[in-house]
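Colleague: The structure's right below; bear with me while I get my questions together.
Residue numbers (the working numbering): 5 to 525.
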């Protein structure tokens, strides 16, 4: 392994004083003014009841003492964490089991890549959570939710298989399972908080770090990690709160509660959302079963809500590891901070909505594919079947959370894998094609296909209640189908058109500036 260089050079002022940075800064300032001129997100109004601009929101946020006093109810509410510790312990134990289950596959799949330890460990947790979710589904379909032992037996089996996989890989060299060069580069990127720029990468260990050229940059380099960690703590504490959001109360946690009380997973005639893919909600169901008792649904729901919220932290951690390995520690910390600072990310994670679960799996699939892409394109080494399995599991896990995961994750990721195989010489061999297709199918079988098979068996429609015109189905009358389609169709204008230039512009401005779930960065 090449020795790492500690050489540090000052940042070059040439590019920093050019016209391009000045133009970018001016453009950002103009955008910031337009962003802050939009209606208040916090609900501040004038004397006529009209929403004030977001400049008022900024002024209120800067009043830290008043902000903290408001969060504490003006001193009437006491801050307490002791009653949350059991929830943290339970959620942490579930995440640790997931890491144990997922790590052997991730280590083997990425052993010939530049993946660092942060990326591999985060991906291991995501893979393990996906497999635990499917195991809970199968136990529930088998009617084993009335007692703890069926789920405990499934957990013991998965832990045992992971242990056997670890023992089987002991014969491999440490260089295969621990790419030390990548780990060293990523460790440098996250440890050397005073350095700005690209750290030494694996295979390019002599590349120097870049030192901040001025005092503000040095202070920012020190404060940025503190801010990111502070955001992560707020995410964790907020995820521990009881649910308040309508969708979370009515089906994200209500469906697992009903399955737990019934002792099995079955078709729900009164809650249409309970029949959709609910992979993220299976962590709540598993916790309910393991806690047990008449209050198991409550404590299990809080544990599951915490795990759902932690997916935002997993996404931020994975993004930080990827960016730090590629572009340096500032990019890693900044990327994680920008993700966590987005109001939309905070809202869905703290409320218990599962959008960040889908995002974490999609990001995991993209990071894994980027790491494996050189192997997919190689004509000599050829693709690793376990690598294709890893991408398929992550893509399938996204589709097991929401139907949109099919379009956002499964279709593009597996299509990219197929294109990579076609472009490589190894991908033209029949044996390679067969192994790759088998790995793709197995990854989907471990994640999303059981959900679609369940829907097909129980309702006659694998995408229930979608695609009713194609597959039909049981459980909905024609009136209910029409009501569903009308409620979930694309909004139209006064002329009845859903796709106009005005509608496109309104959607674009919502996405870039008007939405209350955005921040200006």
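Heads up, the beta-carbon is just placed ideally off N, CA and C, and yes, glycines get one too.
1. Between the alpha carbons of residue 162 and residue 136, how many angstroms are there, rounded?
2. Nearest-angstrom Cα distance between residue 354 and residue 25?
3. Could you give the distance in angstroms between the alpha-carbon of residue 228 and the alpha-carbon of residue 376?
4. What residue does the alpha helix (DSSP H) around residue 468 start on, and which one ends it?
5. According to DSSP, what are the bridge partners of residue 57?
6. At a cut of 8 Å, does the segment 388-402 reach the segment 121-135 through at least three beta carbon pairs?
7. If contacts are defined as beta-carbon pairs under 8 Å, then residue 288 and residue 300 qualify, I think. What distance do you get, rounded to the angstrom?
8. Looking only at its chain, what residues have a beta carbon closer than 7 Å to the beta carbon of residue 352, apart from the 5 residues adjacent to it on each side?
9. Measure the C-alpha to C-alpha separation of residue 523 and residue 29 and round it to an integer number of angstroms.
10. Let me know the secondary structure DSSP gives residue 494 once reduced to three states.
11. Let's test the definition: count the other Cβ atoms within 10 Å of the Cβ of residue 426 and tell me whether it reaches 16, buried, or not, exposed.
12. When the Cα of residue 507 is compared with those of 293, 516 and 495, which residue comes out closest?
13. According to DSSP, residue 49 sits in a beta bridge with which residue or residues?
14. Could you pull the start and end residues of the alpha helix (DSSP H) that residue 414 belongs to?
15. Can you give the Cα-Cα distance for residue 566 and residue 241, rounded to whole angstroms?
16. State buried or exposed for residue 153, treating a residue as buried only when at least 16 other CB atoms are found within 10 Å of its CB.
17. Exposed or buried, what is residue 248 when buried is set at 16 or more other beta-carbons lying within 10 Å of its beta-carbon?
18. Mind checking whether residue 602 and residue 344 have CB atoms under 8 Å apart?
19. Note the first and the last residue of the continuous alpha helix (DSSP H) segment covering residue 258.
20. Does the distance from the CB of residue 428 to the CB of residue 382 come in under 8 Å?
21. When you compare each of 388, 312, 172 and 365 to residue 417 by their alpha carbons, which one comes out closest?
Modeller: Well, looking at it:
1. In this structure, the CA atom of residue 162 is about 8 Å from the CA atom of residue 136.
2. In a straight line, the C-alpha of residue 354 is about 36 Å away from that of residue 25.
3. When rounded, the distance between both Cα atoms is 31 Å.
4. The continuous stretches of alpha helix (DSSP H) do not include residue 468, and DSSP gives it neither H nor E.
5. For residue 57, which the question treats as bridged, DSSP gives the partners 43.
6. A contact exists between the segment 388-402 and the segment 121-135.
7. Wrong, their Cβ atoms sit about 11 Å apart, outside the cutoff.
8. The answer, listed in chain order, is 359 and 360.
9. Residue 523 and residue 29 have their C-alpha atoms roughly 17 Å apart.
10. Annotated three-state conformation of residue 494 is coil, per DSSP.
11. With fewer than 16 other Cβ atoms within 10 Å, it is exposed.
12. Among 293, 516 and 495, the Cα nearest to that of residue 507 belongs to 495.
13. DSSP lists 55 as the bridge partner or partners of residue 49.
14. Element bounds for residue 414: n/a, residue is neither H nor E.
15. Residue 566 is absent from the model: the chain starts at 5 and stops at 525.
16. By the neighbour-count criterion, in which 16 or more other beta carbons inside 10 Å mark a residue as buried, residue 153 falls on the exposed side.
17. Flag for residue 248 reads exposed.
18. What is shown of the chain runs 5 to 525, which leaves residue 602 out entirely.
19. Counting along the chain, the alpha helix (DSSP H) containing residue 258 begins and ends at 258-266.
20. Cβ distance < 8 Å, so residue 428 and residue 382 count as in contact.
21. Measuring from the Cα of residue 417, the nearest candidate turns out to be 365.
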